[in-house]
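Position in the sequence shown (from 1) plus 4 gives the number in the working numbering. What follows is a set of notes on a single structure, which appears directly below.
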Amino acid sequence: MQQAHRQSRSDSGRRPHGLAALLAVMGVLSASLAMAATPANSPPGSLGTVADWPMGSPNAKVTLIEYGSLVCHHCANFNNSVLPTIKARYVNTGKVAYVFRAYPTQPADLAYGLHVLARCAGPTGYHDLIDGFFRQQAQIFAAARSADGAVGLVTEIAAKSGGVSADKVQICLRSDTLFNEINQQVDSGDRLGVQGTPTFFIKTARGQIRLEVEPTVDNLSAALDQALADVTKPSTTQVKAKPRRPQPQTKTQKAAPR
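This is the structure:
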């Protein structure tokens, strides 16, 4: 079985040291935020109250779950080259729902900033903004290395792809709530043994499996076709018939003598 290419991350780089570090990388740090407190982490292995925002039909019997990072090159390649075909074949046809969960990799501060803004777009703009960030990932990296930082380009992408205004960008990047939502998604990945990105799972009513193959169109199509076949296959479990209680015999009444 071919091993999937993933971008790993060290635990030390998983979480920024607080909103101050995140905002500094994004180029919007202000003096009033220099002493920003580090948001509390969620309990390990808990998804908390963070809702998934699936793409596709809510009635789909199969769900493809990706743990990805917006600064991961392999994730960008998947989004740009593979996901469009998977969407056309399975998601847009109502067969499969697709879920993207944040699992920031290094540079963690930049990754957290982008993931926070994706959540900021809400369920209607979430996937569109993720797509926008992936498609301009190289430009974002270049801007982040410049003196002005990435905030200008990121703000432009957020507005164009996710409908997030410049004012809302500033507000969301200072949101402890959104920051902690990302941490909770990371914790859910840790519980499942995720160590790098992208990592994929297929979930059905019969359970959840992890995919260890390269996430190509052919490999994912084969896995999804198998999952769809499995959920439509009649159950092989035979229901044991309940033993019938014997009916009491009806006694013939003796006729009374006349």
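Ideal Cβ placement from N, Cα and C applies to all residues, glycine included.
Taking all protein chains shown into account, decide if ASN83 is buried (16 or more other Cβ within 10 angstroms of its Cβ) or exposed. Classification for ASN83: buried.
Once DSSP output is grouped into helix, strand and coil, what is the label at GLU185? helix
Given this structure, state the Cα-to-Cα distance separating PRO62 from GLY156, to the nearest angstrom. Roughly 36 Å between the two C-alpha positions.
Flag this pair as yes or no: are the beta carbons of ILE144 and ILE161 separated by less than 9 Å? yes
Just to confirm, is the Cβ distance from GLN189 to ALA115 under 9 Å? no
What are the residues that DSSP puts in a beta bridge with GLN212? LYS207
Rounded C-alpha distance that separates PRO108 from PRO238: Straight-line Cα distance between these residues: approximately 40 Å.
Tell me the rounded alpha-carbon separation between VAL66 and ASP234. 10 Å
Taking the alpha-carbon positions, what's the ALA226 to ALA122 distance? 30 Å
Roughly how many whole angstroms lie between the Cα atoms of THR89 and THR181? For THR89 and THR181, the gap between their C-alpha atoms comes out near 34 Å.
Near the ligand ADP: PHE138 beta-carbon under 8 Å from a heavy atom: No copy of the ligand ADP appears in this structure; indeed no ligand is present at all.
If you measure between the beta carbons of SER179 and GLY136, is that distance less than 9 Å? Against a cut-off of 9 Å, the Cβ pair of GLY136 and SER179 comes out as no contact.
Buried versus exposed, by CB contacts within 10 Å (16 or more), GLN212: By the Cβ-count criterion, GLN212 is exposed, with fewer than 16 other Cβ atoms from all chains shown falling within 10 Å of its own Cβ.
Determine the DSSP secondary structure at THR236, reduced to helix, strand or coil. helix
Looking at the unbroken alpha helix (DSSP H) that takes in PHE145, where does it start and where does it end? 141–148
Name the residue from ALA209, ARG210, LEU133 whose alpha carbon lies nearest to the alpha carbon of VAL173. LEU133
Other residues of its chain near GLN140: CB distance less than 8 Å, five sequence neighbours each side excluded: Within the same chain, and ignoring the five residues on either side of GLN140 in sequence, the residues whose Cβ sits closer than 8 Å to its Cβ are LEU157, ILE161.
Tell me whether VAL190 sits in a helix, a strand or coil according to DSSP, three-state version. It is helical.
Minimum C-alpha distance to ASN81 - residue among LYS99, LEU232, ASP171, VAL221: VAL221
Does the beta-carbon of ALA35 have 16 or more other beta-carbons within 10 angstroms, so that it is buried, or is it exposed? In this prediction, ALA35 has a pLDDT of 30, which is less than 50 and means its spatial position is unreliable; nothing more can be read from the coordinates.
Exposed or buried, GLY60, counting other C-beta atoms within 10 Å across all chains shown (16 or more means buried)? buried
I need the DSSP call for LEU33, collapsed to helix, strand or coil. Any reading at LEU33 must be qualified, since the residue scores a pLDDT of 36, below 50, and its modelled position is unreliable; the value itself is stated next. Coil.
Rank PRO111, ASP191, GLN230, PRO202 by C-alpha distance to the C-alpha of ARG210 and give the top, closest one. Here the closest residue by C-alpha is GLN230.
Just curious, the alpha helix (DSSP H) that ARG123 is in, first and last residue? ARG123 -> alpha helix (DSSP H) spans 112–124.
In three-state terms, what does DSSP make of ALA154? coil
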